[in-house]
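Enquirer: Have a look at the structure that comes next, please.
Protein chains: 2
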Amino acid sequence: MPRSTRAARKPDRPYHHGNLRRGLLDEALATIRAEGVEGLTLREIGARLGVSRTALYRHFADKRALLAGVATEGFRTLRQQLVAAWEEGGRGRAAFESMGAAYVRFAVANPSHYRVMFGGFVNPKACEPELTAEAAGAFQALVDALAALQRDAIVRGDDTVKMARFVWAVVHGVAMLGIDGQLPEPCGVEELMRYALERLRTGIDAAERASGRRRRH
Amino acid sequence: MPRSTRAARKPDRPYHHGNLRRGLLDEALATIRAEGVEGLTLREIGARLGVSRTALYRHFADKRALLAGVATEGFRTLRQQLVAAWEEGGRGRAAFESMGAAYVRFAVANPSHYRVMFGGFVNPKACEPELTAEAAGAFQALVDALAALQRDAIVRGDDTVKMARFVWAVVHGVAMLGIDGQLPEPCGVEELMRYALERLRTGIDAAERASGRRRRH
DNA sequence: GGGATCGTGTTGACATCGTCAACATTGTGG
DNA sequence: CCACAATGTTGACGATGTCAACACGATCCC
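Those sequence lines, one after another, are chains C and L.
The opening residue of the first sequence carries number 98 in my numbering; numbering runs sequentially from there.
The opening residue of the second sequence carries number 98 in my numbering; numbering runs sequentially from there.
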């Protein structure tokens, strides 16, 4: 029957449908982006791909597995944007703040996708090794940047991973506030992020700290 | 029929079942706590209360409305614990840090409940005025504490709400990391929180900032 | 070249869920 | 005492995730 206007001269067309797994991930992400995570239904994305409802069970064990795949790709994209911001920004302090802005920008631009990544829809318990690996990769981008800043004595010499977790918490929190609409306007996120980066540097204490209390080792 | 061993001399027993709305909220929270948000089913909590499945539609318009109620109570509890930590801690810097610890403790002790509050299951768009009011109340506790610290010149004189948002983002981010199991051990949250409070005070910059750059107005 | 075999997609069916409409029951006010 | 509103029940419906059985298609092995 009319397999729609597909199935053409594409070289990588393994079997019946041209790379269904790819299409499933794309279509799922599109649906999530349009209608939110709750609006995702397996039957609909099957129909939208011109394929039956249970076809995806040959590529994903579960609905959660599909969501895990979407989350995995989200972490991959996020890492790419973080690394790009870091490298294009000159790998200095400005680049670091550019990373923070890129993080929040990603979250605000793709709120539903971001929620799939962090909303607890996927088991963090190593059920999906690829997911945890990709998430760790995105985090590693932040760790690497912080380590570079430490080498240049721009930031404190604390335990890098611990400091990275702190920074991650800050940007994650700002992104969450922005996504949940708990900020005045949509553009309020960027203003809050600017302020957060400032306070991230100097802290919130009243500015009377002398240069004592140095602890380099 | 055996209405179970209830319906006794309780004074506040408006109609057939003794305060069903209260029971629904409690049972829903218990189920969520035990099986997560996804495991909540209206039929099951009805059965667990010895009541039919559609009984709750007399008290909540929707499943989302029930979840909104659970979230509302979560914000109320959270605010109470925040205020308690602040007041019992002496309303000083130590009390402020105690507030942060209390926040994260609440989130880690009730991860599923916390997720209902922030997981996007409820519309932030003023659909539930009581929910937004209670959430604002919890946030206000933080604003009040920060304002007090500002009066005592313990923290910077920045815009209080903006600084409160920043602090909220930090504790929210730390809590999220802890809930998602992205931290080594369960007790890793408290260690990260301790570190986060330290860096919240002093920032992450290398400690060479002179006392210049003061900006009091 | 022709079956065996595995990968891939389809159909049918089922249990479960949220929700609505209609009905029953219970407490309250005139 | 009786209408009435508040509260709870039953039946039913559409939608959904998922499994079992089957059908098609490519590839491999002799």
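Where is the CB? At the ideal position from N, CA and C, for every residue including glycine.
Helix, strand or coil for V219/C per DSSP?
Expert: Note: V219/C maps to coil in three-state DSSP.
Enquirer: Please tell me whether K259/C has its Cβ less than 7 Å away from any Cβ of chain L.
Expert: Yes, K259/C lies at the interface with chain L (some Cβ there is under 7 Å from its Cβ).
Enquirer: Along the stretch 123-134 of chain L, where does the CB come closer than 9 Å to a CB of chain C? Name the residues.
Expert: Against chain C - using a Cβ distance shorter than 9 Å - the residues of the stretch 123-134 of chain L are G133 and V134.
Enquirer: Are any of the Cβ atoms in chain C nearer than 7 Å to that of R311/L?
Expert: Here R311/L scores only 44 on pLDDT, less than 50, and its place in the model is too uncertain to base an answer on.
Enquirer: I need the DSSP call for V213/C, collapsed to helix, strand or coil.
Expert: The answer is helix: DSSP assigns V213/C an H, G or I state.
Enquirer: Strictly below 9 Å CB to CB, what residues from chain C border I142/L?
Expert: Ordered by position in chain C, no residue passes the 9 Å Cβ test against I142/L, which lies about 19 Å from the chain.
Enquirer: Which of the three DSSP states is assigned to D91/L in this structure?
Expert: This structure cannot speak to residue 91/L, because chain L is shown only from 98 to 314.
Enquirer: For the stretch 255-275 of chain C against the stretch 202-210 of chain C, are there 3 or more C-beta pairs whose distance is under 8 Å?
Expert: Output reads yes: the stretch 202-210 of chain C touches the stretch 255-275 of chain C.
Enquirer: Please compile the residues from chain L whose C-beta is within a distance smaller than 9 Å of the C-beta of R292/C.
Expert: Checking the sequence shown, residue 292/C turns out to be Tyr, not Arg. The contacting residues are D255, D256, K259, M260, R262 and F263.
Enquirer: DSSP three-state label for D302/C, please.
Expert: DSSP places D302/C in strand when its eight states are reduced to three.
Enquirer: Are the CB atoms of M290/L and V264/L within a distance shorter than 7 Å?
Expert: It is not a contact, given that the beta carbons lie outside the stated cut-off.
Enquirer: Can you name the start and end residues of the alpha helix (DSSP H) that F236/L belongs to?
Expert: Here the alpha helix (DSSP H) through F236/L covers P226 to R248.
Enquirer: If the cut is a Cβ gap below 8 Å, which residues of chain L does F215/C touch?
Expert: Neighbours of F215/C on chain L, chain order: M273 and D277.
Enquirer: Who are the near neighbours of I129/C in its chain, counting only those whose CB is closer than 6 Å to its CB and skipping five residues on each side?
Expert: Excluding residues within five positions, the ones whose Cβ falls inside 6 Å are L137 and S209.
Enquirer: With a threshold of 7 Å between beta-carbons, can G332/L be considered close to chain C, or not?
Expert: The structure shown does not extend to residue 332/L, since chain L spans only 98 to 314, so no value can be given for it.
Enquirer: Under a three-way DSSP split, which group does S195/C fall into?
Expert: Here S195/C sits in helix by DSSP.
Enquirer: Grouping DSSP H, G and I as helix and E and B as strand, with all else coil, what is P281/L?
Expert: P281/L falls in the coil class under three-state DSSP.
Enquirer: Going by alpha carbons, who is nearest to L139/C out of G133/C, Q279/C, A131/C and A125/C?
Expert: The candidate whose alpha carbon is nearest that of L139/C is A125/C.
Enquirer: Indicate whether A181/L and M196/L have their beta-carbon atoms separated by less than 7 Å.
Expert: Not in contact: A181/L and M196/L (Cβ atoms no closer than 7 Å).
Enquirer: Excluding sequence positions up to five away, which residues of its chain have a Cβ less than 6 Å from the Cβ of L146/C?
Expert: Taken in chain order, the residues that qualify are G120 and E124.
Enquirer: Kindly indicate which three-state DSSP category T174/L falls into: helix, strand or coil?
Expert: Helix at T174/L.
Enquirer: Give me the chain L residues within the contact set of G171/C, using Cβ-Cβ distance strictly less than 8 Å, ordered along the chain.
Expert: Per Cβ cutoff of 8 Å: no residues; G171/C is ~14 Å from chain L at best.
Enquirer: Considering Cα atoms alone, identify which of T257/L, A192/L, A168/L and R262/L is closest to M225/L.
Expert: For the sequence presented, residue 225/L should be read as Glu rather than Met. Cα-wise, what sits closest to E225/L is A168/L.
Enquirer: Residue range of the alpha helix (DSSP H) that A144/C falls in?
Expert: L139 to R145 is the extent of the alpha helix (DSSP H) around A144/C.
Enquirer: Can the beta-carbon of A266/L be found closer than 7 Å to that of R188/L?
Expert: Taking 7 Å as the Cβ cut-off, A266/L and R188/L do not qualify as a contacting pair.
Enquirer: Rounded to a whole number of angstroms, what is the C-alpha to C-alpha distance between Y282/L and V252/L?
Expert: Reading off the sequence, residue 282/L comes out as Glu, not Tyr. E282/L and V252/L: Cα-Cα distance of roughly 32 Å.
Enquirer: Are the Cβ atoms of A250/L and A303/C separated by less than 7 Å?
Expert: Yes, they are a contact pair.
Enquirer: Between which residues of its own chain and H156/C is the CB-CB distance below 8 Å, once the five residues before and five after are set aside?
Expert: Taken in chain order, the residues that qualify are L117, R118 and L121.
Enquirer: Determine the chain C residues that contact V267/L at a beta-carbon separation under 7 Å, and present them in chain order.
Expert: Going along chain C in sequence order, the residues near V267/L (Cβ under 7 Å) are A266, V267 and G270.
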